[in-house]
Amino acid sequence: MDATVFASPSPTPTLTVMLMLFSASEDSAEVLRTFEESDLKVEIIESYCPEKCLGVPHALHAKVGQRAAPGKSVPGCKTRLLTHQLQAMEFILKLESPESTTLSTFWRSSTCQWLRQAFHHTATTGRTTKQINHNSQGSILADNMGLGKTLTSLALILTSKNAAESFATMKERNTRRL
Numbered sequence: 001m002d003a004t005v006f007a008s009p010s011p012t013p014t015l016t017v018m019l020m021l022f023s024a025s026e027d028s029a030e031v032l033r034t035f036e037e038s039d040l041k042v043e044i045i046e047s048y049c050p051e052k053c054l055g056v057p058h059a060l061h062a063k064v065g066q067r068a069a070p071g072k073s074v075p076g077c078k079t080r081l082l083t084h085q086l087q088a089m090e091f092i093l094k095l096e097s098p099e100s101t102t103l104s105t106f107w108r109s110s111t112c113q114w115l116r117q118a119f120h121h122t123a124t125t126g127r128t129t130k131q132i133n134h135n136s137q138g139s140i141l142a143d144n145m146g147l148g149k150t151l152t153s154l155a156l157i158l159t160s161k162n163a164a165e166s167f168a169t170m171k172e173r174n175t176r177r178l
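Start counting the sequence shown at 1; every next residue gets the next number (the numbering used here).
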């Protein structure tokens, strides 16, 4: 068993305990039933990597050891993306959208108060001459090794290819008018 504890002081104090419990496959149904009867929430750990846990498969049901089928395909990409790769791609697309408020919402949260103070201190002491933009678009894809960052990035490029081509065409037309 492995355990991690998270505490959040605001807005309402919460305590989250994450357990990774390993059991023999023949006992998995009983273990899951015990969690259900105790009103404990059981969730899939999307980034779980069996290779780092002695090859123990991840399971939330009695069919332990059966690997989930890959997720949906992206037009133009021959390889189907796994759930965590699709989630990463959708998150990045959301952050890159001009309408996105995800990053600015995160930036204004109490979690980032120390970071905001550090940035403002840097700006006010003259260590930087640039104005800090809190409405940036974009992100960094930083998964563990072997989880498919390259595939996720290529799928992201394929997904946004049409929008990029239409933007380039529009910019070219606007340049000709000037």
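Built from N, CA and C at the ideal position, the CB exists for glycine as well.
Touching by the beta-carbon criterion (3+ pairs, under 8 Å), the stretch 151-161 and the stretch 82-90:
Because the criterion of three Cβ pairs below 8 Å is met, the stretch 151-161 and the stretch 82-90 touch.
Tell whether a beta-carbon distance below 8 Å holds between Ala88 and Leu141.
Closer than 8 Å, so yes.
Assign Ile157 to one of two classes, buried (16 or more other C-beta atoms within 10 Å of its C-beta) or exposed (fewer than that).
With a threshold of 16 other beta carbon atoms within 10 Å, Ile157 falls short and is exposed.
By the 10 Å Cβ neighbour count, where 16 or more other Cβ atoms means buried, how is Ser28 classified, buried or exposed?
By the 10 Å Cβ count, Ser28 comes out buried.
Please confirm whether Thr159 and Val42 have their CB atoms less than 8 Å apart.
In this structure, Thr159 keeps its C-beta atom at 8 Å or more from the C-beta atom of Val42.
Run through DSSP, which three-state label would Ile157 get?
Here Ile157 sits in helix by DSSP.
Lys94: first and last residue of the uninterrupted alpha helix (DSSP H) it sits in:
Where Lys94 is concerned, the enclosing alpha helix (DSSP H) stretches over Thr83 to Glu96.
Helix, strand or coil for Ala118, going by three-state DSSP, please let me know.
If DSSP states are grouped into helix, strand and coil, Ala118 belongs with the helices.
When you compare only the Cα positions, how much space is there between Ala118 and Arg108?
Note on geometry: alpha-carbon atoms of Ala118 and Arg108 lie some 14 Å from one another.
Which of helix, strand or coil DSSP assigns to Leu141
Secondary structure at Leu141: coil, using DSSP grouped into helix, strand and coil.
Taking a contact to mean a Cβ-Cβ separation below 8 Å, would you say Ile92 touches Ser139 in this structure?
Ile92 is a Cβ neighbour of Ser139, given a cutoff of 8 Å.
Decide if Ala155 is buried, meaning its Cβ has at least 16 other Cβ atoms within 10 Å, or exposed.
Per the 10 Å Cβ criterion, buried.
To the nearest angstrom, how far is it from the Cα of Ala123 to the Cα of Lys94?
Between Ala123 and Lys94, the C-alpha separation is close to 28 Å.
Report buried or exposed for Gly65, applying the criterion of at least 16 other Cβ atoms within 10 angstroms of its Cβ.
At Gly65, the pLDDT of 35 sits below 50, so the modelled position is not reliable; the number obtained from the coordinates is stated separately. By the 16-neighbour rule on beta-carbons within 10 angstroms, Gly65 is exposed.
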